Amino acid sequence: MAVTRNADAVAPVRASSPLSIWFSRHVSISIGSLGRLSRHPFSSLMIVLVIAVTLALPAAINLIVKNARSISGSWDNALDFSVFLTQDTPEDDAQALGRLIEQRADVDSVLFISASQALGDFKEHSGFGAALDQLPDNPLPHTLVVRPGAGNTSASMILLHEELGNLPETEHVQVDTEWVQRFHAILDIVRQAIAIGAALLGIAIVVIIGNTIRLDIENRRNEIEVTKLIGASNAFVRRPFLWTGFWYGLFGGLMALALVYYGLFLLQGPVARLAGLYQSNIAIATMSFQEAAAIIGIGVFLGLFGSWFTTARHMRRIEPR
Amino acid sequence: MIQLENATKRFPGGQEALSGLSLSVDKGEMVFVTGHSGAGKSTLLRLIALIERPTSGQVIVDGQNTSRVKRRKIPAYRRQIGMVFQDHKLLYDRPVADNVALPLIIAGVGHREASRKVRAALDQVGLLHKEKQRPETLSAGEQQRVGIARAIVSRPKLLIADEPTGNLDPDLSLEVMRIFRRFNEVGVTLLIASHDISLIDRLGCRRIALADGRLQQDPEEEVDPWL
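Here it is, written out as structure tokens:
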């Protein structure tokens with residue numbers, strides 16, 4: 001007793017401000033709940049891993065769509081025009097026309113496909129070989145595949161399209177944009193599907209974290225009862241569980257990022273090889289800083305929401321008996 | 322400090338734990354509640370601690386009618402009362418000092434001030450040298466003293482105890498009662514449920530005898546045969 005009094009006299013207690021008490025309390029609770037997780041490293045890791053995979057999945061698919069879009073976007077400018085010539089154009093004239101077109105500044109190259117060559121290809125690939133043999137003569141025209149030069153703008157492409165169409169030998173000019181548009185439409189659908197899937201996976205994360213914290217609450221039921229018995233509010237007994245949810249979300253988000261980056265690392269080699277084959281310098285688009293931050297943010301939000309939701313339901317129920 | 326006016330507690334099954342009980346405990350009193358198990362001692366303490374509310378009648382503690390304390394205000398209400406339990410109700414995952422500090426942490430007392438008060442409380446029950454130990458390494462008597470230190474650490478005006486010596490041998494019981502006596506001497510009001518009549522008589526405190534949820538009309542019946 002005497003010792004205590006002396007200590008009091010020597011060092012008068014400095015009154016801490018309520019804010020600093022609140023802050024240091026939160027720091028100690030957050031570290032406490034972190035310590036609790038580290039006491040069961042395996043099960044904590046499992047839950048973090050489940051959250052990470054659930055977050056990484058939509059993030060990865062989103063990245064694939066983003067890359068597909070950027071690659072297909074570059075294809076827009078490298079479209080070929082298929083110029084189908086009239087049936088009565090002789091093969092020599094057609095070849096001459098091809099050479100003439102190739103002279104143009106806005107044209108990179110012209111490939112001549114003769115009618116017989118086209119029919120041969122069609123027989124080989126269509127599977128109608130025998131039926132096509134029955135035809136009295138070749139219904140296919142000669143074709144010029146015109147590849148526009150790299151310097152074209154979309155306006156100059158339209159002009160080229162028109163001029164090719166106005167040639168007297170031309171029957172029809174086809175631009176292969178349709179499949180690009182279809183491809184983009186498909187990507188849009190995939191994007192929508194990701195959004196829906198991601199929402200479902202988000203619900204899954206809330207449920208996983210909620211359930212984990214529910215078990216945690218059951219395990220610490222006695223502690224909660226005792227704490228409430230000596231005057232703890234619902235908010236007080238809730239706090240460590242909210243922090244647990246926060247940590248699950250944060251580590252889940254960080255691990256999801258690690259998974260996505262590891263996946264990118266694994267793909268780097270094959271993509272470089274593919275790019276080499278196409279003699280292009282396609283590089284994988286990685287996540288932007290905002291996207292990476294969003295994954296972590298979503299993880300933390302879902303973790304907090306899951307624990308908030310569960311504790312709101314269960315804390316009220318546990319009352320001292 | 323405590324007034325019960327015609328307080329009745331009826332459980333859903335229909336049986337009455339307390340039947341129209343009226344009693345009063347003054348400020349600074351040290352009062353024992355005796356009676357067989359099932360007489361209503363625990364229910365009386367539970368009504369005071371607001372673990373239960375009376376079915377009818379009134380329980381007034383330090384001027385507050387417990388029936389009017391809102392659910393959200395119950396934690397703040399309980400913080401005014403120190404509580405000691407037969408089974409100690411300590412948290413076994415943390416050291417003695419952290420157990421004693423719990424009411425202060427709940428009340429939002431700063432770390433420095435809390436640790437000073439914890440040491441003072443442990444000193445009062447003679448366990449200052451065990452502050453870093455885990456409760457399970459302590460004897461039953463020591464654990465009960467930790468429970469008492471936790472109950473008094475925030476200096477409540479009222480302390481209620483439910484069979485605090487129920488698991489202790491006579492020497493340890495006397496020790497615990499002496500500690501209670503010291504708190505009473507500095508003005509704390511105590512209400513202690515116990516069936517250890519010989520011990521109560523040695524302390525010479527007022528006794529409220531309960532039987533079947535009512536005040537016992539003839540307390541002499543219950544006199545300890547050894548006295």
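Keeping their order, the protein sequence lines are chains C and H.
Under our numbering, the first residue of the first sequence carries the number 1, and numbering increases by one thereafter.
Under our numbering, the first residue of the second sequence carries the number 322, and numbering increases by one thereafter.
Glycine included, C-beta positions come from ideal geometry on N, C-alpha and C.
In this text, all values refer to a predicted model and were calculated from it rather than measured experimentally.
Check                                                                                                                                                   : Outcome
The beta strand (DSSP E) that contains C:Phe128, what's its start and end?                                                                              : It is not in any beta strand (DSSP E) - C:Phe128 carries neither H nor E in the DSSP assignment.
Could you check the C-alpha separation between C:Asn62 and H:Val390 for me, to the nearest Å?                                                           : 54 Å
Could one say the Cβ of C:Gly202 lies closer than 8 Å to chain H's Cβ atoms, at least one of them?                                                      : no
Quick one: list the residues of chain H neighbouring C:Val226, beta-carbon separation under 7 Å, in chain order.                                        : Lys410 and Leu412
Skipping 5 residues on each side, what residues in its chain have a beta carbon closer than 8 Å to that of C:Gly35?                                     : none
Within 8 Å, do at least three Cβ pairs link the segment 164–176 of chain C to the segment 79–98 of chain C?                                             : yes
Which stretch, first to last residue, makes up the alpha helix (DSSP H) that contains C:Ser233?                                                         : Neither: C:Ser233 is in no alpha helix (DSSP H) and is coded neither H nor E.
Ends of the beta strand (DSSP E) at H:Gln324?                                                                                                           : Ile323 to Arg331
Pick helix, strand or coil for H:Trp547, following the three-state DSSP scheme.                                                                         : A caution first: H:Trp547 carries a pLDDT of 49, below 50, which makes its placement in the model unreliable, though a value can still be read off. Residue state, collapsed to three classes: coil.
Across which residues does DSSP place H:Asp483 in a beta bridge pair?                                                                                   : H:Ala514
Hey, is H:Pro424's beta-carbon within less than 8 Å of any beta-carbon in chain C?                                                                      : yes
Report the residue from H:Ile513, H:Ser377 and H:Val421 whose alpha carbon sits nearest the alpha carbon of H:Ala441.                                   : H:Val421
For a cutoff of 8 Å on Cβ pairs, would you count H:Pro396 as touching chain C?                                                                          : yes
C:Ile51: buried (16+ other C-beta within 10 angstroms of its C-beta) or exposed?                                                                        : buried
Using a Cβ-Cβ cut-off of less than 8 Å, give me the residues of the segment 425–438 of chain H that come near chain C, in sequence order.               : Ile426, Ile427, Ala428, Gly429, Val430, Gly431, His432, Arg433, Glu434 and Arg437
C:Gly197 CB to nearest chain H CB: under 8 Å?                                                                                                           : no
For C:Phe241 and chain H, any beta-carbon pair shorter than 8 Å?                                                                                        : no
Taking only three categories from DSSP, how would you classify H:Leu342?                                                                                : strand
Mind listing which residues of the segment 372–395 of chain H have their C-beta closer than 7 Å to chain C's C-betas, in chain order?                   : Ile372
So is H:Ser519 buried or exposed if we call it buried at 16+ other beta carbons inside 10 Å?                                                            : exposed
Compute the distance between the beta-carbons of H:Val474 and H:Leu448, then report whether it is under 8 Å.                                            : no
Report the neighbours of H:Met351 on chain C: residues whose CB is nearer than 7 Å to its CB, in chain order.                                           : Residues of chain C passing the Cβ test: none, with the nearest at roughly 21 Å.
Which residues of the segment 451–465 of chain H have a Cβ closer than 8 Å to any Cβ of chain C? Give them in chain order.                              : none
Using the Cβ count rule (16 or more neighbours within 10 Å means buried), how would you classify H:Ala397?                                              : exposed
Who are the near neighbours of C:Ser28 in its chain, counting only those whose CB is closer than 6 Å to its CB and skipping five residues on each side? : none
Is the Cβ of C:Phe301 closer than 8 Å to any Cβ of chain H?                                                                                             : no
Which of the three DSSP states is assigned to H:Asn488 in this structure?                                                                               : coil
If you drop the 5 nearest sequence neighbours on each side, which residues of the same chain put their C-beta closer than 6 Å to that of H:Val509?      : Leu480
State the DSSP-derived secondary structure class of C:Thr54, mapped to helix, strand or coil.                                                           : helix
Quick one: is H:His502 near chain C, going by C-beta distance under 8 Å?                                                                                : One detail in the question is off: residue 502 of chain H reads as Arg in this sequence, not His. Not one chain C Cβ lies under 8 Å of H:Arg502.
Please report the distance separating the alpha-carbon of C:Thr200 from that of C:Val207.                                                               : It is Leu, not Thr, that sits at residue 200 of chain C in the sequence shown. Looking at the two C-alpha atoms, the distance is approximately 11 Å.
Straight-line CA distance for C:Phe309 to C:Leu242?                                                                                                     : 10 Å
Run the CB neighbour count on C:Leu239, radius 10 Å, all protein chains shown included, and call it buried at 16 or more, exposed below.                : Note that residue 239 of chain C is Arg in the sequence shown here, rather than Leu. C:Arg239 should be labelled buried.
Whole angstroms is fine: what's the gap from C:Ala283's alpha carbon to C:Ile298's?                                                                     : 27 Å
Of all the CB atoms in chain H, is at least one closer than 8 Å to the CB of C:Leu37?                                                                   : no
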